[in-house]
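With this note's numbering, letter number 5 in the sequence shown gets 8, and the count goes up by one each step, no holes. Where is the CB? At the ideal position from N, CA and C, for every residue including glycine.
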Amino acid sequence: MKLNLAVLPGDGIGPEIIEQAMKVVKVVCAKFNHELTYETALVGACAIQAYGDPYPDDTHALCMQSDAVLFGAIGTPEYDNAPACNVRPEQGLLAMRKKLGLYANIRPVTTFPSLLHQSPLRADLVSDVDFVCIRELTGGLYFGRPQGRSEDGQIAYDTCVYSREEIDRVVRLAYAYAMKRRRKLTVVDKANILATSRLWRERAQAIAQEFPQVETEYLFVDNAAMRLVQWPRDFDVLVTENMFGDILTDEASVITGSLGMLASASVGLHTSVFEPIHGSYPQAAGKNIANPLAAILSVALMFEYAFHLFPEGQAIRDAVSTSIEKGVVTEDIAGDDTKPSLTSEVGDCVAAHI
Ligand code: IPM
Ligand code: MG
4 MKLNLAVLPG DGIGPEIIEQ AMKVVKVVCA KFNHELTYET ALVGACAIQA YGDPYPDDTH
64 ALCMQSDAVL FGAIGTPEYD NAPACNVRPE QGLLAMRKKL GLYANIRPVT TFPSLLHQSP
124 LRADLVSDVD FVCIRELTGG LYFGRPQGRS EDGQIAYDTC VYSREEIDRV VRLAYAYAMK
184 RRRKLTVVDK ANILATSRLW RERAQAIAQE FPQVETEYLF VDNAAMRLVQ WPRDFDVLVT
244 ENMFGDILTD EASVITGSLG MLASASVGLH TSVFEPIHGS YPQAAGKNIA NPLAAILSVA
304 LMFEYAFHLF PEGQAIRDAV STSIEKGVVT EDIAGDDTKP SLTSEVGDCV AAHI
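Written out as structure tokens, the structure reads:
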């Protein structure tokens with residue numbers, strides 16, 4: 004098969020973890036006889052530096068003509084601490100999501116038995132946790148207008164907007180996932196307060212009729228936040244709007260104890276983007292210590308979701324498990340009696356076990 008990728012390493016630890024991910028892509032392509040072509044482009048703070056634009060037109064053109072996008076991370080601390088700065092790396096990410104039509108962000112949350120002790124929750128609560136968060140990604144507060152300040156600067160406002168069409172497509176996608184899994188869907192909203200949430204619930208209730216095999220549960224977001232730490236095993240597929248999803252997916256990801264292990268896929272209208280969820284981790288940038296496994300597992304997701312190449316995805320997961328079992332892991336998951344390996348050593352080890 005021909006695989007045509009856009010590779011966007013981005014900022015912080017992005018370049019070094021994507022380098023490891025690409026090692027794995029190349030080995031898999033060689034082993035399974037796929038013809039790989041790829042091009043690299045800038046996004047985020049590095050693109051602002053080079054072009055004054057966090058998502059340059061050339062980067063967008065490259066993504067549009069690729070079968071899948073492999074993405075590292077964006078953001079640098081200078082921007083986080085300068086709220087008045089008006090060109091920001093995050094705008095690049097939002098522009099990319101909107102222009103590529105990436106309406107759903109899919110984050111599988113599963114545990115690795117050997118890493119359970121790293122969880123902030125008791126091991127008996129998190130063992131066998133296996134659920135998928137589906138976050139709407141191109142609507143809601145992130146994109147609603149008007150957004151801004153009053154003339155005197157004393158009042159600021161954001162707008163939360165959702166259309167029926169935006170809700171329906173992501174809720175249907177969530178049902179499709181639930182049908183392939185344990186057939187339980189949790190719809191998260193704040194329908195007791197927000198008009199947009201009432202439309203979410205109304206549409207979810209209507210679409211639920213099409214999927215009588217799936218048990219649908221409705222939770223208010225505050226309650227969902229609590230249940231995620233109380234009974235994380237109860238979740239199978241969770242679907243929610245953009246901002247609630249942003250918050251809940253960070254919460255969900257950390258309960259497994261291994262933020263450096265979780266991958267995500269953003270799917271939609273034009274292409275799909277695969278990225279680790281951990282962000283740019285600027286403190287570790289350039290030190291060859293960051294965990295590349297989330298980026299490598301994003302490659303597994305890419306083979307499975309973008310190309311329907313499931314044995315390739317499984318080969319990557321198996322190689323990741325082997326690397327963990329051998330104790331070839333970075334310092335964040337090494338534990339007390341394992342000598343931590345470098346980012347590049349973990350990449351080499353996984354690539355060698357494909
Ligand atoms: C995420 C991140 C982004 C978001 C930031 C970097 C803009 O937190 O992908 O979850 O808020 O969506
Ligand atoms: Mg987030």
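Task: Beta-carbon gap between arginine 110 and leucine 265 smaller than 8 Å - done: yes
Open item on the list: For arginine 110, report the span of its alpha helix (DSSP H) as first-last.
Closed with: No alpha helix (DSSP H) holds arginine 110; the beta strand (DSSP E) holding it covers 107 to 113.
Task: Residue range of the alpha helix (DSSP H) that includes cysteine 49 - done: Per DSSP, cysteine 49 is one residue of the alpha helix (DSSP H) stretching across 48 to 54.
- [ ] Could you tell me if the beta carbon of aspartate 249 falls within a distance shorter than 7 Å of some heavy atom in ligand 2?
- [x] yes
Task: N- and C-terminal bounds of the alpha helix (DSSP H) containing leucine 128 - done: 126 to 129
- [ ] Output the distance between the C-alpha atoms of aspartate 321 and leucine 202, rounded to the nearest integer angstrom.
- [x] 42 Å
TODO: Go to lysine 187, then tell me how far its alpha helix (DSSP H) extends in each direction, as first and last residue.
DONE: Taken as a continuous stretch (DSSP letters only), lysine 187 belongs to no alpha helix (DSSP H), being part of the beta strand (DSSP E) at 187 to 192.
TODO: Report the residue from Arg91, Trp234, Gln68, Val349 whose alpha carbon sits nearest the alpha carbon of lysine 102.
DONE: Gln68
Open item on the list: At 4 residues or longer, what runs of the alpha helix (DSSP H) sit wholly inside the segment 131 to 190?
Closed with: 167 to 183
Task: Backbone secondary structure at serine 344 - three-state DSSP - done: coil
- [ ] Apply the 10 Å Cβ neighbour rule to valine 164 and answer buried if 16 or more other Cβ atoms are within range, or exposed otherwise.
- [x] Within 10 angstroms of the beta-carbon of valine 164 lie fewer than 16 other beta-carbons, which makes it exposed.
TODO: Please name the residue, chosen from Leu251, Val129, Thr252, Leu272, that lies closest to threonine 114 on a Cα-to-Cα basis.
DONE: When each option's Cα is compared against that of threonine 114, the closest is Val129.
Task: Unbroken alpha helix (DSSP H) run spanning valine 302, endpoints - done: 296 to 304
Task: Boundaries of the alpha helix (DSSP H) in which leucine 65 is found, first to last residue - done: 60 to 67
Open item on the list: Taking 7 Å as the cut-off, is the beta-carbon of aspartate 56 closer than that to any non-hydrogen atom of ligand 2?
Closed with: Flag unset: Cβ of aspartate 56 not near ligand 2.
Task: Opening and closing residue of the beta strand (DSSP E) in which valine 242 lies - done: 240 to 243
Open item on the list: At a threshold of 7 Å, does aspartate 14 count as lining ligand 2 (C-beta to nearest heavy atom)?
Closed with: At a cut-off of 7 Å, the beta-carbon of aspartate 14 does not count as near ligand 2: no heavy atom of the ligand is closer than that.
Open item on the list: What does DSSP give as the partner residue(s) for tyrosine 82 in the beta ladder?
Closed with: The partner list for tyrosine 82 (beta bridge, DSSP) is empty, contrary to what the question assumes.
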